[in-house]
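Novice: Residue numbers (the working numbering): 65 to 265.
Submitted below is the structure of interest, expressed as structure tokens.
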């Protein structure tokens, strides 16, 4: 592998993870930066690599990290450094991939705030006492979970069994129950009525 190949690999990684990844190639002999892809650390070609403290660990293995550091703008960066060797096994270059995780952390904080259980209140009994769709949904997904099934993978025999189970729960007592179940199970309404008729006979 030549330096040009390493540069091409660095560019590919940075392009795939753009704009969140920066990839820097260091030359170990001169301890300088020789390539930067998607520069967000404000470093320049020819800068001192400042990697003396990492060399001992790296030269013993292949990777150092992942580890976290702070970028110049205060954003958190998760990094991994990989030693690149020549055909004789001598360490010649160091490739450092820096992934900006601050955007992901902000998204996690926003999602945590959105899904805070403490902000939820129980469903009002008076409002949902006759919510037959809610009752069908609850029973249907409990039935699927108990059998390790999903709506997307249900076979026709499973749908027949589910319709029968829903019938036993009184799901079709409402005027629109059959239509609703047919839509949820991606079935024709006639098929649902056929299964229900089989139960009655």
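From the three backbone atoms N, C-alpha and C, an ideal C-beta is built for every residue, glycine too.
If you're wondering where the values come from, they're calculated on a predicted model, not measured in any experiment.
Leaving out five residues on either side along the sequence, give the residues of the same chain with a beta carbon under 6 Å from the beta carbon of residue 246.
Specialist: If we look at residue 246 and ignore the five residues flanking it on each side, its Cβ neighbours are 253 and 256.
Novice: Assign residue 205 to buried or exposed, taking buried as 16 or more other Cβ atoms, counted over all protein chains shown, within 10 Å of its Cβ.
Specialist: So residue 205 ends up on the exposed side.
Novice: Taking one C-beta from the region 229-240 and one from the region 196-212 each time, how about it: are there three or more such pairs within less than 8 Å?
Specialist: Cβ pair count under 8 Å is three or more, so yes.
Novice: Is residue 147 helix, strand or coil by DSSP?
Specialist: Note: residue 147 maps to strand in three-state DSSP.
Novice: Per DSSP, what are the beta-bridge partners of residue 212 in this structure?
Specialist: According to DSSP, residue 212 bridges with nothing at all.
Novice: What do you reckon, are the CB atoms on residue 78 and residue 72 nearer than 8 Å?
Specialist: For residue 78 and residue 72, no; Cβs fall outside 8 Å.
Novice: Where does the unbroken alpha helix (DSSP H) through residue 167 begin, and where does it stop?
Specialist: First-last of the alpha helix (DSSP H) with residue 167: 166-178.
Novice: What does the Cβ neighbour count give for residue 241, buried or exposed, with the cut at 16 atoms within 10 Å?
Specialist: Classification of residue 241: buried, given that the 10 Å Cβ count is 16 or more.
Novice: Judging by CA-CA distance, which residue of 244, 101 and 146 is the nearest neighbour of residue 92?
Specialist: Comparing Cα-Cα distances from residue 92 to each of 244, 101 and 146, the minimum goes to 146.
Novice: Around the C-beta of residue 210, are 16 or more other C-beta atoms found within 10 angstroms, so that it is buried, or is it exposed?
Specialist: Burial call: exposed.
Novice: Expressed to the nearest angstrom, what Euclidean distance is found between the alpha-carbon atoms of residue 129 and residue 222?
Specialist: In a straight line, the C-alpha of residue 129 is about 48 Å away from that of residue 222.
Novice: Which of the three DSSP states is assigned to residue 228 in this structure?
Specialist: Residue 228 falls in the helix class under three-state DSSP.
Novice: Where do the ends of the alpha helix (DSSP H) carrying residue 115 lie?
Specialist: No alpha helix (DSSP H) contains residue 115, which DSSP labels as neither H nor E.
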